[in-house]
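Report on the structure given below.
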Amino acid sequence: MIRVATASVNQTPLDWSGNRNRIIAASQVAMQCNPDAILFPELCISGYGCEDAFHMPEVWSNSAESLRLLAEKLNGISGSVPVIVGLPYIHLGLLYNVSAVLSNGEIVALVPKQHLAGDGIHYEPRWFHPYRGAPEPAAEGILFGPSIIDTGSFRFIIEICEDSWVDNRPATQHAGSSFDCILSPTASHFAIGKERIRRQIALETSRAFHCTYISVNLLGNEAGRAIYDGQSIAAQTGNLLYESPAFSFDEFAVHCISFDPEPNRSRRVQTHSFRESITIPSHSSLESATVRISEARKDFGFRIPGEEAIAPSKEKEIPLPTDYCGPLSNPVHNLSSPERSDSQPLEKRHGDPNLEFLYAASLGLFDYLRKSHSRGFALSLSGGADSGVCALLVARMIRFGLAELGQERFLESIHRKDLGGLKGEEIIGNLLFTVYQGTDQSS
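For the sequence shown, the numbering used here gives the first residue as 265, with consecutive numbering after it.
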């Protein structure tokens, strides 16, 4: 069995140390399920919502330094287990949205996004360059470009969010080389009903390519502009394998997904026309490159001119538990396992559009409160439905936070430990302040 841990993190743009610490803490939790790979969301090192700050050289250098520090720190946590993290990366004078693969304290591959989201609230073409070339060496000989990652136990490719939503996707280009899994780090903003589209993409992708498809989304109100649900989705050969709860108030949520790659491999062997049915567009110059990371050092599956062969060393083996029987029943959020409230936390899931809105709006209010360090909310009441709903959403947010995090962690998160010892209704009364505007039509 293969295990992939997904780690959805609630990041803040340009919070370099905070973002790193959450990635490290989530990796420590993820290693508890003994995974074969750990997948983080798109641009999790810098934050997705940096906007025009992506043009600043300081963002490029800080992202590269965070990547170096993470490779060093994670070596003692995950060892040879590949960890996939996202960041903005400069290559040959152009900025790319990249997923970096870390293993054994090294950066073993940099996979750039090929298709940029430029519709709705997304302006990626303003900041990034789409990658259209073949694999090539980057700084220090690291592979830069589309590639297949071979861990020794399974082979996977990376499709970054929009890459999975288009026809000429990396999976189509790589299909002739065979892979077991598509890992998709995403920053897909919440919209009512959008989760159904992501689920359908997972189902159709896994069916068409005889593989397992796993995606993980960013979490929370990252920068005030958009809300991310933090959901993980997995599908295998056209069947839904796992769909996690969403809209967590915690700093990260880890899920472990287990699958058997042998049925996928058997289907590919039986489908004799599989390779012939996958056509590489005539304008594509993509070559199939394989990066093998099962050894202590990286070894490219293709030779870069002038590069000396790297002698393989003994693989670091990690024993797998025998009693593991599928995804974790609940996400693991915090290493210290703080005491929760007596009431059973609400398992927030997609499905009902009214509840989706309630969960997303309450998460947005919670994150905005804690990230802005505000003391609470002030609301002008008109007597109408709009202001009444706003008051209700704040109250629901507080109740959700108390149920999920417990009183101590909830108040610590929003920087209001001074409210410790108060009951739920009293906490609401100290966080929501209203002014009523009476008129001739509203008594």
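Glycine residues also receive a C-beta, built at the ideal position from the N, C-alpha and C atoms.
Task: Pro352, enclosing beta strand (DSSP E) - first and last residue - done: 347 to 355
- [ ] Quick one: residues in its chain with C-beta nearer than 8 Å to the C-beta of Asp502, no 5 flanking neighbours on either side, listed in chain order?
- [x] Position check: residue 502 holds Gly in this sequence, whereas Asp was assumed. Same-chain partners within the cutoff: Leu467, Glu468, Ser470, Arg471.
Task: Backbone secondary structure at Tyr312 - three-state DSSP - done: helix
TODO: With DSSP as the reference, label Glu306 as helix, strand or coil.
DONE: coil
TODO: Using the Cα positions of His637 and Glu676, report the straight-line distance between them to the nearest angstrom.
DONE: 11 Å
Open item on the list: DSSP three-state label for Glu322, please.
Closed with: helix
Task: Leu645 beta carbon less than 8 Å from that of Thr698 - done: yes
- [ ] Could you tell me if Glu689 is buried or exposed, where buried requires 16 or more neighbouring beta carbons within 10 angstroms of its beta carbon?
- [x] exposed
Open item on the list: Let me make sure I understand the geometry here. Which of Val518, Asn485, Ser512, Tyr477 has the alpha-carbon closest to that of Ala499?
Closed with: Tyr477
Task: Simplified DSSP state of Pro525, which is helix, strand or coil - done: coil
Open item on the list: By alpha-carbon positions, which one of Ser452, His679, Leu696, Ile521 ends up nearest to Val653?
Closed with: Leu696
TODO: Inspect the beta-carbon positions of His379 and Pro394 and report whether they are closer than 8 Å.
DONE: yes
Open item on the list: Suppose you measure from the CA of Gln701 to the CA of Ser651; what does that come to, to the nearest Å?
Closed with: 11 Å
Open item on the list: Helix, strand or coil for Gly685? Go by DSSP, reduced to three states.
Closed with: coil
Task: Secondary structure of Asp300, DSSP reduced to three states - done: coil
Task: Glu426 versus Gly685: straight-line alpha-carbon distance, rounded - done: 47 Å
Open item on the list: I need the DSSP call for Ser706, collapsed to helix, strand or coil.
Closed with: coil
Task: Segment limits, beta strand (DSSP E) that includes Asn274 - done: Element bounds for Asn274: n/a, residue is neither H nor E.
TODO: Go ahead and label His679 buried or exposed: buried means 16 or more other beta carbons lie within 10 angstroms of its beta carbon, across all protein chains shown.
DONE: exposed
- [ ] Go through its chain and collect everything with a Cβ distance to Asn326's Cβ below 7 Å, but skip five positions before and after it.
- [x] Trp280
Task: Straight-line gap, Arg639 to Arg284 (C-alpha atoms, nearest Å) - done: 27 Å
TODO: Could you check how far apart the C-beta atoms of Ala624 and Phe454 are, in whole angstroms? I think they sit under 8 Å.
DONE: 5 Å
- [ ] Give the straight-line distance between the Cα atoms of Gly484 and Ala290, rounded to the nearest whole angstrom.
- [x] 16 Å
Task: Reference Gly350; option with closest CA among Leu358, Gln296, Arg663, Ser330 - done: Ser330
Open item on the list: Could you tell me the alpha carbon to alpha carbon distance between Trp391 and Gln705, rounded to whole angstroms?
Closed with: 50 Å
Task: Presumed contact (8 Å Cβ cut-off) between Ile348 and Leu303, rounded CB distance - done: 5 Å
Open item on the list: Using the three-state DSSP reduction, which class does Gly665 fall into: helix, strand or coil?
Closed with: helix
Open item on the list: Suppose you measure from the CA of Val372 to the CA of Cys297; what does that come to, to the nearest Å?
Closed with: 23 Å
Open item on the list: Looking only at its chain, what residues have a beta carbon closer than 8 Å to the beta carbon of Leu610, apart from the 5 residues adjacent to it on each side?
Closed with: Phe664, Ala667, Glu668
Open item on the list: Given this structure, state the Cα-to-Cα distance separating Ala451 from Pro352, to the nearest angstrom.
Closed with: 14 Å
Task: 6 Å CB neighbourhood of Asp524 in its chain, flanking five on each side removed - done: Met265
Open item on the list: Let me confirm a value: Thr270 is counted as buried when at least 16 other C-beta atoms fall within 10 Å, else exposed. Which label applies?
Closed with: buried
Task: Backbone CA spacing between Glu603 and Glu672 [nearest angstrom] - done: For Glu603, the pLDDT reaches just 36, beneath the cut-off of 50, and the residue's location in the model is therefore unreliable, leaving the point undetermined.
Task: Range covered by the alpha helix (DSSP H) that runs through Ile465 - done: 458 to 472
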